[in-house]
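Participant:
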Amino acid sequence: YVTTIPADAEGGIVANETATVTFLNTRNTGNLTVEKVVAGNGAGTPNALEAFDITVKFTAPQGVTLTGTVNGQPVQEEQTITLESGETVVFTGLPVGTTYEVTEKDYSQNGYTTAYTNQTGTIAASDAAAAGVTARVTNTLNVGGLTGEKTLGGNAADAEKEFSFTVTLKNESVEINKTYGGVEFTAVNGNNHEAVATLTLKGGESATMSGIPAGTNRGGSELQGRRLRDHHSRQCCPRRDLRRQRPAAGG
86 YVTTIPADAE GGIVANETAT VTFLNTRNTG NLTVEKVVAG NGAGTPNALE AFDITVKFTA
146 PQGVTLTGTV NGQPVQEEQT ITLESGETVV FTGLPVGTTY EVTEKDYSQN GYTTAYTNQT
206 GTIAASDAAA AGVTARVTNT LNVGGLTGEK TLGGNAADAE KEFSFTVTLK NESVEINKTY
266 GGVEFTAVNG NNHEAVATLT LKGGESATMS GIPAGTNRGG SELQGRRLRD HHSRQCCPRR
326 DLRRQRPAAG G
């Protein structure tokens, strides 16, 4: 509460009169809305997530007790909520002047970058049904792809012969021991940031590994929808000079 002391709070007592002093106590509250946004083209890919954990911390003004409700329960000084893309949660009835901080769990291992709007702030007075301050947490996941294709050359190539080769992916910050486009990548020596897969293809066949987090490297090249080509050539029978040789002079 904020107390307003009237101007006539001090004065003398007059005989046969009763003085009245009115003190005004004002208590205002406000709300905080936490909103979850997911951006980028990575929805539904192997590294994508459906739900995200967000922790909210409150500090009430000195001498003020923290009050309020969220999802029908009392607000705590620190609590973690779980939101999916497009969802919100509203903390209502917070004392004016309460400070807050919003922090999301680290999801960089999945390839997400995180951005905040109004990550920290102070609660201002608002109607009970109003959104109040809106703190937005945006996670962005962008992905690319890699196509491996087999080509044959020469005049005696066997179109039914199968060829195997490996593809290695590396990403220092993102775990990539996943299945991309039906191609399974397994960790190299237990390191989930480097993974290898084996492709088996016939001539003219290809395999597309989709949904790979942007920034992943293959053999030092950054993945941006690149194609990995493997060319195999076979020549049958070197050409022979069948022209009749002329006999040597004097022969």
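Residue numbers (this note's numbering): 86 to 336.
Note that CB positions come from ideal geometry on N, CA and C, so glycine has one too.
(1) Where in the stretch 142–174 do unbroken runs of the alpha helix (DSSP H), each at least 4 residues long, occur, reported from the N-terminal end onward?
(2) Sorted by chain position, which residues of the same chain lie with C-beta nearer than 6 Å to Ala100's C-beta, five sequence neighbours on each side aside?
(3) Give me, in chain order, the residues of the same chain whose beta-carbon lies closer than 8 Å to that of Thr184; leave out the 5 immediate sequence neighbours on both sides.
(4) Would you list the one or two residues that DSSP bridges to Glu247?
(5) Which two residues bound the contiguous beta strand (DSSP E) that contains Gly233?
(6) May I ask you to list the residues that DSSP assigns as paired with Ala209?
(7) For the beta strand (DSSP E) containing Thr188, list its first residue and its last residue.
(8) Please confirm whether Ile261 and Thr198 have their CB atoms less than 8 Å apart.
(9) Express the C-alpha separation of Asn132 and Glu257 in angstroms, rounding to a whole number.
(10) Applying the criterion that 16 or more other CB atoms from any shown protein chain within 10 Å of the CB defines a buried residue, is Ala292 buried or exposed?
(11) State yes or no: is the beta carbon of Thr223 nearer than 8 Å to at least one beta carbon in chain B?
(12) Leaving aside the five residues before and after Leu134 along the sequence, list all residues of the same chain whose C-beta is less than 7 Å from its C-beta, in chain order.
(13) When DSSP labels each residue in this structure, what does Asn276 get in the three-state scheme?
(14) Mind checking who Leu254 pairs with in its DSSP beta bridge?
Facilitator: Considering the structure as presented:
(1) none
(2) none
(3) Phe143, Thr144, Thr205, Gly206, Thr207, Ile208
(4) Lys287
(5) 228–238
(6) Ala209 is not bridged to any residue.
(7) 184–189
(8) no
(9) 15 Å
(10) buried
(11) Given the protein chain composition of this structure (a single chain), no chain B is represented.
(12) Tyr192, Asn195
(13) strand
(14) Ala280
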